[in-house]
Amino acid sequence: MRTHYSSELSANMDGEIVKVAGWVHSIRALGKLIFVILRDREGFIQIVVPKQKVGEDLFKKIKSLGVEDVISVKGKVVANEKAPNGFEILPLEVDVLNTAKRPLPLDPAEKVPAELDTRLENRFLDLRKPKIQAIFKIRHEMLKSVRNTFYEEGFIEVHTPKLVASCTEGGTELFPISYFEKEAFLSQSPQLYKQMLMATGLDRVFEIAPIFRAEEHNTRRHLNEAISIDVEMAFADDVEAIKMLEKVVHNAIKDVLKNREKELELLGVELELPKKFDKITYDEAIEIAKKKGVEIDWGEDLSREAEKAIGEEMGGFYFIVDWPSDIRPFYTMPKDDRYCKAFDLMYKDLELASGAQRIHLYDLLVENIKKKGLNPDAFTYYLEAFKYGMPPHAGWGLGAERFTMVLTGRENIRECALFPRDRHRLTP
Ligand code: ATP
Ligand code: AMO
């Protein structure tokens, strides 16, 4: 139904017959002349309709169109300095493929921005806006780049179960589900499975898949269903895992800058390629927070206020390393009797990724599970993998929506998921 996208047309094609298709973005009738702006995925095209050139019938047909009707137009490209982008289309045939009921619950061409709730209620219309599509084009570019880096670095793509029997991350709650006669949960993280895969010889695996977290509260950076970019590397330590994360993030930003210039401009984002990733220890982070007047004791997880204070001081991308063992999950490799080999990648005050070198030694792992007040019997299937030759390994999880927030300059994570799931939203 189309030969060209709007972006594939130009004034140089003057005289060529083409077929374009999309939605009626706007329609302006000025007596014997109508201007239709057609919108497709790649932009806008002006259709110029002079009554005496197109004939009575076609003129009438076009005049009866309304905004958001779906049409396909066969016509001639006409170079015209006065038209947007220097050309317009003189129609020969118009197919009305479908009509739109009016009034629209949300106008994709609206000048006044709608509330986020209204936008999410009518997401299919919201997504017709070029600026909103730009977010998902950038997200797509990021994921494509991330995958390319994984392929180049010899990673194997895997998928682990999302219906699981036990928790992996302390802190957030699980969603219970009924699994025939057993109790089961939606997976919070592929953590245990990606670690088990380190005992198989697959060595380097990645998974890009949903994680489910029963976050009780509404925040601007938590979803109840998110996409996690997960990595696990055998024969590697925390330092190598950090290097891989830096490479993935660096390449993604480079590719977005290179291939999504138009979208970044539309969103008004000035993205900078990070030259280096600063590293501060947890102790240094706490000191920064304290100096800025935040009340926080050593050994506490970073509060929102602490994250804000540290983010303000650090700016951009940076790592927080050398965390107290007590506030990291049971699978984290200790460094000494107080600290462990865990790291977080931050962008200003937003946590983008968490990772660590893991415990690969069976006895130490069982001891740590108990220390966290968990029952090792609940982890039998996982622990078995540590008995018969488990190499040292490390990995991380990077939130796709959080990374997209940074790449697109959005303040609310809901903007970076097509159909976000939050405390109050289960539809659309
Ligand atoms: P992760 O869940 O991987 O740790 P995160 O960014 O959610 O990533 P947390 O350590 O959970 O980091 O939380 C950071 C801060 O945000 C903490 O101060 C915590 O109290 C607060 N916080 C976490 N989850 C919520 C939530 N659902 N609602 C409100 N505040 C939250
Ligand atoms: P963590 O719990 O820190 O670590 O999660 C990793 C990353 O996933 C993203 N994320 C979320 N994004 C949106 N909404 C949420 N509710 C949410 N929760 C997490 C964040 C976070 O940094 N197993 C470890 C990873 C590892 O060590 O390999 C884990 O799950 O960007």
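Quick note: the sequence shown uses this note's numbering, first residue 15, plus one each step. All C-beta atoms in this analysis are idealised placements derived from N, C-alpha and C, irrespective of residue type, glycine included.
Nearest neighbour of residue i, chosen from the options [CA to CA]
i: residue 169; options: 433, 151, 219; result: 219
i: residue 371; options: 210, 143, 56, 250; result: 250
i: residue 179; options: 79, 190, 171; result: 190
i: residue 172; options: 361, 247, 36; result: 247
i: residue 200; options: 57, 183, 252, 212; result: 183
i: residue 103; options: 118, 134, 83, 64; result: 64
i: residue 367; options: 38, 101, 272, 255; result: 255
i: residue 166; options: 87, 262, 110; result: 262
i: residue 404; options: 212, 56, 109, 131; result: 212
i: residue 334; options: 343, 291, 345, 348; result: 291
i: residue 80; options: 56, 38, 272, 269; result: 38
i: residue 5; options: 46, 90, 56; result: Absent from the model: residue 5. The displayed extent of the chain is 15 to 442, so no value can be given.
i: residue 258; options: 43, 409, 41; result: 409
i: residue 87; options: 111, 101, 347; result: 111
i: residue 337; options: 348, 412, 83; result: 348
i: residue 66; options: 252, 160, 115, 105; result: 105
i: residue 152; options: 209, 128, 275; result: 275
i: residue 272; options: 222, 116, 36, 159; result: 159
i: residue 95; options: 214, 131, 114, 26; result: 26
i: residue 223; options: 235, 207, 214, 48; result: 207
i: residue 188; options: 36, 214, 225; result: 225
i: residue 107; options: 74, 356, 82; result: 74
i: residue 2; options: 330, 245, 315; result: In the structure as shown, the chain starts at 15 and stops at 442, and residue 2 therefore has no counterpart that could be examined.
i: residue 44; options: 62, 56, 28, 30; result: 62
i: residue 278; options: 395, 322, 423; result: 423
Any non-hydrogen atom of ligand 2 closer than 7 Å to residue i Cβ
i: residue 244; result: yes
i: residue 236; result: yes
i: residue 413; result: yes
i: residue 205; result: yes
i: residue 432; result: no
i: residue 366; result: yes
i: residue 51; result: no
i: residue 410; result: yes
i: residue 183; result: yes
i: residue 369; result: yes
i: residue 229; result: yes
i: residue 416; result: yes
i: residue 149; result: no
i: residue 222; result: no
i: residue 320; result: no
i: residue 427; result: yes
i: residue 240; result: yes
Same chain, Cβ closer than 8 Å to residue i, five either side skipped, listed in chain order
i: residue 327; result: 302, 306
i: residue 18; result: 32, 33, 34
i: residue 156; result: 266, 269, 270, 414, 417, 418, 421
i: residue 379; result: 344, 345, 373, 397, 400
i: residue 196; result: 179
i: residue 313; result: 338, 340, 341
Near ligand 4: residue i beta-carbon under 7 Å from a heavy atom
i: residue 264; result: Absence of ligand 4 from the depicted structure is noted, with ligand 1 and ligand 2 being the only ligands included.
Residues near residue i by beta carbon distance below 7 Å, same chain, minus five either side
i: residue 429; result: 149
i: residue 350; result: none
i: residue 216; result: 170
i: residue 415; result: 237, 240, 241, 427, 430, 431
i: residue 280; result: 144, 145, 148
i: residue 310; result: 300, 303, 304, 317, 320
i: residue 435; result: 237, 238, 239
i: residue 382; result: 344, 373
i: residue 442; result: 137, 433
i: residue 51; result: 39, 40, 58, 60
i: residue 163; result: 261, 262, 265
i: residue 132; result: 120
i: residue 116; result: 80
Contacting residues, own chain, Cβ-Cβ under 6 Å from residue i (five flanking each side not counted)
i: residue 139; result: 120, 122
i: residue 406; result: 374
i: residue 324; result: 299, 302, 303
i: residue 437; result: 232
i: residue 92; result: 102, 104
i: residue 16; result: 33, 34, 35
i: residue 358; result: 334, 365, 368
i: residue 377; result: none
Cβ of residue i within 8 Å of any chain B Cβ
i: residue 412; result: Judged by its chain identifiers, the structure shown contains no chain B, having just a single protein chain.
>> Ignoring anything shorter than 3 residues, give me the beta strand (DSSP E) runs that lie fully in the stretch 80 to 148, in order along the chain.
In response: 84 to 93, 101 to 112
>> To test your reading of the DSSP string, which unbroken alpha helix (DSSP H) runs of 4 or more residues are found completely within the stretch 328 to 401?
In response: 376 to 385, 394 to 397
> Which ranges does the alpha helix (DSSP H) cover as unbroken runs of at least 4 residues, wholly within the stretch 201 to 256, from first to last along the chain?
Replying inline: 205 to 210
> Which residue spans inside the stretch 290 to 332 form an unbroken beta strand (DSSP E) run of at least 3?
Replying inline: 292 to 295
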